[in-house]
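Okay, so here's the structure we're looking at.
Numbering (the UniProt record's numbering), first residue to last: 1 to 208.
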């Protein structure tokens, strides 16, 4: 493998003394889409949280473009968008306020036009002033997906990104992922079933 992309080697992840993954190997190259599958409880979300820096592995290494993701010189966390199945949005804030928060974390000082564009693409522009808690599950998921349009990134780690989406939005998301990969992006996603709209480069299964 070249130094480009994400490389996880010999990862062991446990929770409450229960080993979820042992000696896991993962190689995600630029311009590729990887489908991570397995039964509920197999460790897919734990692996994604570990790759996103939210869960510490018991052992193993994770490198991004040849550097450890924990290195002071690493740009990994600036390059990464992780969309968790449990959406990381503040219930009491509006759509606009939530998306502005994430955009400003990325150094976007005036994100209004980007938010307008993203919410328009997803058909929720008229809801920008509505609090996140007041939205349906499908609308909440669309808000999270807006981050993929607004924020610059080089790697997307997406936990169940196609859940609670209507057919039109599924096609929109598949096209967005495909385009991101064509431009050199790295994509890792989970789903309960394979997504027909996506040309998948790599399939990785996790078993209990």
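Glycine included, C-beta positions come from ideal geometry on N, C-alpha and C. Just so you know, these numbers come straight off a predicted model, no measurement behind them.
Rounding to the nearest angstrom, what Cα-Cα distance links residue 145 and residue 38 in this structure?
In the chain shown, residue 145 corresponds to position 145, counting from 1. In the chain shown, residue 38 corresponds to position 38, counting from 1. Rounded to whole angstroms, residue 145 to residue 38 spans 23 Å at the Cα level.
Where are the alpha helix (DSSP H) runs, 4 residues long or more, that stay fully inside the segment 131-177, in chain order?
137-150
Between which residues of its own chain and residue 155 is the CB-CB distance below 6 Å, once the five residues before and five after are set aside?
Indexing the chain shown from 1 puts residue 155 at position 155. For residue 155, where only same-chain residues beyond five positions count, the Cβ hits under 6 Å are 79, 80 and 186.
Whose C-beta lies closer than 7 Å to the C-beta of residue 205 among residues of the same chain, with five residues either side of it excluded?
Position 205 of the chain shown, counting from 1, holds the residue named residue 205. Take residue 205, set aside five residues on each side of it, and the residues of its chain with a beta-carbon closer than 7 Å to its own are 37 and 38, in chain order.
Report the rounded CA-to-CA distance for residue 163 versus residue 25, giving the unit in angstroms.
Indexing the chain shown from 1 puts residue 163 at position 163. Indexing the chain shown from 1 puts residue 25 at position 25. So the alpha carbons of these two residues sit roughly 27 Å apart.
Report the rounded CA-to-CA distance for residue 4 versus residue 13, giving the unit in angstroms.
As a first step, residue 4 must be located in the chain shown, where it is residue number 4. As a first step, residue 13 must be located in the chain shown, where it is residue number 13. Spanning the alpha carbons of residue 4 and residue 13 requires a straight line of approximately 24 Å.
At a cut-off of 7 Å, would you count residue 113 as near the ligand NAD, judging by its Cβ distance to the nearest heavy atom?
The ligand NAD is not part of this structure, which contains no ligands at all.
Same chain only: Cβ atoms within 6 Å of residue 52, ignoring 5 sequence neighbours per side:
Here residue 52 corresponds to residue number 52 of the chain shown, with the count starting at 1. Result list for residue 52: 82 and 157, in chain order.
Among 69, 65 and 34, which has the Cα closest to the Cα of residue 50?
Locating residue 50 in the chain shown gives position 50, where the first residue counts as 1. For residue 50, the nearest C-alpha among the options comes from 69.
Using a Cβ-Cβ cut-off of 7 Å (strictly less than) and excluding sequence neighbours within five positions of residue 98, which residues of its own chain qualify?
Residue numbering aside, residue 98 sits at position 98 when the chain shown is read from its first letter. Taken in chain order, the residues that qualify are 89, 90, 132 and 143.
Determine, using beta carbons only, whether residue 9 and residue 43 come nearer to each other than 8 Å.
In the chain shown, residue 9 corresponds to position 9, counting from 1. In the chain shown, residue 43 corresponds to position 43, counting from 1. No, these two residues do not count as a Cβ contact at 8 Å.
Simplified DSSP assignment, three categories, for residue 10
In the chain shown, residue 10 corresponds to position 10, counting from 1. The answer is strand: DSSP assigns residue 10 an E or B state.
Please report the Cβ distance between residue 114 and residue 150, rounded to the nearest whole angstrom; I am assuming they are in contact, meaning their Cβ atoms lie under 8 Å.
Taking the first residue of the chain shown as 1, we reach residue 114 at position 114. Taking the first residue of the chain shown as 1, we reach residue 150 at position 150. Contact holds; Cβ gap of about 5 Å.
Taking a contact to mean a Cβ-Cβ separation below 8 Å, would you say residue 31 touches residue 181 in this structure?
Looking up residue 31 in the chain shown gives position 31. Looking up residue 181 in the chain shown gives position 181. Contact: yes.
Please report how far the alpha carbon of residue 1 lies from the alpha carbon of residue 92, in whole angstroms.
Numbered from its first residue, the chain shown carries residue 1 at position 1. Numbered from its first residue, the chain shown carries residue 92 at position 92. Any reading at residue 1 needs caution, since the residue's pLDDT is 48, under 50, leaving its predicted position unreliable; the model's value is listed next. Cα-Cα distance, rounded: 45 Å.
Which runs of the alpha helix (DSSP H), 4 residues or longer, sit entirely within the segment 1-63?
44-51
May I have the straight-line CA-CA distance separating residue 201 from residue 190, to the nearest angstrom?
Looking up residue 201 in the chain shown gives position 201. Looking up residue 190 in the chain shown gives position 190. Straight-line spacing of the CA atoms in residue 201 and residue 190 works out to 14 Å.
Look up residue 115 in the DSSP assignment and say whether it is helix, strand or coil.
Within the chain shown, residue 115 is the residue found at index 115, counting from 1. Collapsing the DSSP output to three states places residue 115 in a helix.
Contact check, residue 174 vs residue 198 under 8 Å by CB: the rounded distance?
Residue numbering aside, residue 174 sits at position 174 when the chain shown is read from its first letter. Residue numbering aside, residue 198 sits at position 198 when the chain shown is read from its first letter. Yes, they are in contact, since the Cβ atoms of residue 174 and residue 198 sit about 5 Å apart, within 8 Å.
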